[in-house]
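Asker:
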Amino acid sequence: DGGITQSPKYLFRKEGQNVTLSCEQNLNHDAMYWYRQDPGQGLRLIYYSQIVNDFQKGDIAEGYSVSREKKESFPLTVTSAQKNPTAFYLCASSIRGMGQFFGPGTRLTVL
Amino acid sequence: AQTVTQSQPEMSVQEAETVTLSCTYDTSESDYYLFWYKQPPSRQMILVIRQEAYKQQNATENRFSVNFQKAAKSFSLKISDSQLGDAAMYFCAYRSLTQGGSEKLVFGKGTKLTVNP
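Given below as structure tokens:
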């Protein structure tokens with residue numbers, strides 16, 4: 080089955096800890112994206128990558144970091160510098176002109 | 013920068029009836045894509061329909077169709093014969109064609125659709 084997987088589904092973090100959210104796709108898409116979703120808001124872009132070993136900041140990159148060492152994988156690290164990390168995180172990938180396809184998401188809660 | 017506005021935070025419809033969700037956008041570009049995404053309670057984002065701005069014909073996908081008014085910068089979604097499974101958040105999204113290979117999307121804040129039996 081082709082698709083996008085995110086893990087874990089739920090993640091709990093203590094204040095001051097870094098955590099890494101996983102995103103994997105087997106769709107052979109070049110571009111991948113990370114979004115944050117808060118209640119009452121649309122999706123806000125954190126980072127995106129159009130090609131391996133390259134990525135760009137989105138609208139709310141502060142306190143987050145990413146890597147793109149493989150085409151299939153685009154992990155997101157939420158660092159302790161992110162002041163309000165509790166949110167729902169969505170990963171997506173795309174192929175030119177067809178729109179973005181999303182994973183099932185990870186719910187991150189800071190305790 | 014482009015913006016997308018969904019002026020209806022919530023809408024409701026009776027099962028089997030038709031409902032229209034509104035979306036307007038602001039852009040100075042002439043070529044772009046527009047999308048509607050559905051987010052059911054599972055929170056998985058599902059692509060419902062897409063429209064290329066250079067096409068005058070409105071896109072349709074089964075019970076879903078759009079009314080694309082380029083001059084008015086309006087992109088509404090019509091759901092016909094509404095079903096209980098249509099209950100979800102619906103997001104309108106804009107993609108510029110001038111940003112090279114990037115498929116970056118700008119999202120509206122969403123409309124919550126309730127379907128009443």
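Residue numbers (the numbering used here), protein chains in the order written: chain A, 80 to 190; chain B, 13 to 129. Glycine included, every Cβ here is placed at the ideal spot set by N, Cα and C. The structure presented is a predicted model; accordingly, all values stated were derived computationally and were not measured.
Taking just the CA atoms, how far does residue 139 of chain A sit from residue 133 of chain A?
Answerer: Locating residue 133 of chain A in the first sequence gives position 54, where the first residue counts as 1. Locating residue 139 of chain A in the first sequence gives position 60, where the first residue counts as 1. Roughly 18 Å separates the two Cα atoms.
Asker: Leaving out five residues on either side along the sequence, give the residues of the same chain with a beta carbon under 8 Å from the beta carbon of residue 73 of chain B.
Answerer: Within the second sequence, the letter at position 61 stands for residue 73 of chain B. Contacts found: 60, 61.
Asker: Taking Cβ-Cβ distances shorter than 9 Å, what residues in chain A pair up with residue 97 of chain B?
Answerer: Within the second sequence, numbered from 1, the residue matching residue 97 of chain B stands at position 85. Going along chain A, no residue has its Cβ under 9 Å from residue 97 of chain B, so there is no contact; the nearest lies around 17 Å.
Asker: Can you pull the chain E neighbours of residue 85 of chain A, defined as C-beta to C-beta under 7 Å?
Answerer: The chain inventory of the structure shown lacks chain E, comprising the protein chains A and B.
Asker: Note the first and the last residue of the continuous beta strand (DSSP E) segment covering residue 99 of chain A.
Answerer: Residue 99 of chain A sits at position 20 when you count from the first residue of the first sequence. Residues 98 to 104.
Asker: Return the chain-ordered list of same chain residues with a C-beta closer than 7 Å to the C-beta of residue 82 of chain B, the five sequence neighbours on each side being excluded.
Answerer: Counting from one through the second sequence, the residue named residue 82 of chain B turns up at place 70. The answer, listed in chain order, is 65.
Asker: Less than 7 Å between C-beta atoms, sequence neighbours within five positions excluded: which residues of the same chain meet that for residue 116 of chain A?
Answerer: By 1-based counting over the first sequence, the position of residue 116 of chain A is 37. These residues qualify, in order along the chain: 122, 166, 167, 169.
Asker: Give a yes or no on whether the C-beta atoms belonging to residue 100 of chain A and residue 190 of chain A are separated by under 9 Å.
Answerer: For this step, residue 100 of chain A is matched to residue 21 along the first sequence. For this step, residue 190 of chain A is matched to residue 111 along the first sequence. Cβ distance not < 9 Å, so residue 100 of chain A and residue 190 of chain A don't count as in contact.
Asker: What does the alpha-carbon distance come out to for the pair residue 131 of chain A and residue 28 of chain B?
Answerer: Start at 1 with the first residue of the first sequence, and residue 131 of chain A comes out as number 52. Start at 1 with the first residue of the second sequence, and residue 28 of chain B comes out as number 16. Taking the straight line from one Cα to the other gives about 47 Å.
Asker: Pick helix, strand or coil for residue 98 of chain B, following the three-state DSSP scheme.
Answerer: Here residue 98 of chain B corresponds to residue number 86 of the second sequence, with the count starting at 1. DSSP places residue 98 of chain B in helix when its eight states are reduced to three.
Asker: Taking just the CA atoms, how far does residue 183 of chain A sit from residue 107 of chain A?
Answerer: Locating residue 107 of chain A in the first sequence gives position 28, counting from the first residue. Locating residue 183 of chain A in the first sequence gives position 104, counting from the first residue. Between residue 107 of chain A and residue 183 of chain A, the C-alpha separation is close to 18 Å.
Asker: Can you round the beta-carbon distance between residue 105 of chain B and residue 119 of chain B to whole angstroms, since I take them to be within the 8 Å contact cut?
Answerer: The residue you call residue 105 of chain B lines up with position 93 of the second sequence. The residue you call residue 119 of chain B lines up with position 107 of the second sequence. Indeed, because the Cβ distance is near 5 Å, the residues count as touching under 8 Å.
Asker: Going along chain A in order, which residues have a C-beta closer than 8 Å to the C-beta of residue 63 of chain B?
Answerer: In the second sequence, the residue the question calls residue 63 of chain B occupies position 51. Those within 8 Å of residue 63 of chain B in chain A number zero; the least Cβ separation is about 10 Å.
Asker: So which residues on chain B does residue 120 of chain A lean against when the C-beta distance must stay under 7 Å?
Answerer: Here residue 120 of chain A refers to the residue found at position 41 of the first sequence. Here the neighbours are 121.
Asker: Count the other C-beta atoms from every protein chain shown that fall within 10 angstroms of the C-beta of residue 97 of chain B, then say buried if there are 16 or more, exposed otherwise.
Answerer: Working through the second sequence from its first residue, we reach residue 97 of chain B at position 85. Flag for residue 97 of chain B reads exposed.
Asker: Taking only beta carbons into account, state which residues of the stretch 42 to 61 of chain B come closer than 9 Å to chain A, listed in chain order.
Answerer: Within the stretch 42 to 61 of chain B, the qualifying residues are 45, 47, 49, 51, 54, 55, 56, 57, 58, 59.
Asker: If we count the other Cβ atoms within 10 Å of its Cβ and call it buried at 16 or more, is residue 164 of chain A buried or exposed?
Answerer: In the first sequence, counting from the first residue as 1, residue 164 of chain A sits at position 85. Counting Cβ neighbours within 10 Å, residue 164 of chain A comes out buried, since at least 16 surround it.
Asker: Select from the stretch 68 to 94 of chain B all residues with a C-beta closer than 9 Å to any C-beta belonging to chain A, and list them in chain order.
Answerer: Cβ contacts with chain A come from no residue of the stretch 68 to 94 of chain B.
Asker: Does residue 23 of chain B come out as helix, strand or coil in the three-state DSSP assignment?
Answerer: Along the second sequence, one-based indexing puts residue 23 of chain B at 11. Strand, per DSSP.
Asker: Which residues of chain B have a Cβ atom closer than 8 Å to the Cβ of residue 183 of chain A, listed in chain order?
Answerer: Taking the first residue of the first sequence as position 1, residue 183 of chain A is located at position 104. Simply 54, 55, 56.
Asker: To the nearest angstrom, how far is the alpha carbon of residue 47 of chain B from that of residue 13 of chain B?
Answerer: For the purposes of this step, residue 47 of chain B is taken as residue 35 along the second sequence, with counting starting at 1. For the purposes of this step, residue 13 of chain B is taken as residue 1 along the second sequence, with counting starting at 1. Cα-Cα distance, rounded: 18 Å.
Asker: Using a C-beta to C-beta distance shorter than 8 Å, which residues of chain B count as neighbours of residue 134 of chain A?
Answerer: Residue mapping note: residue 134 of chain A aligns to position 55 of the first sequence, counting from 1. Within 8 Å Cβ-Cβ: nothing; residue 134 of chain A doesn't reach chain B, min ~11 Å.
Asker: Hey, residue 121 of chain B and residue 53 of chain B: beta-carbon distance below 9 Å or not?
Answerer: Start at 1 with the first residue of the second sequence, and residue 121 of chain B comes out as number 109. Start at 1 with the first residue of the second sequence, and residue 53 of chain B comes out as number 41. For residue 121 of chain B and residue 53 of chain B, no; Cβs fall outside 9 Å.
Asker: At 8 Å on the CB atoms, spell out the chain B contacts of residue 91 of chain A, in chain order.
Answerer: One-based indexing of the first sequence puts residue 91 of chain A at position 12. The premise fails here: residue 91 of chain A is roughly 18 Å from chain B at the closest Cβ pair, so nothing lies under 8 Å.
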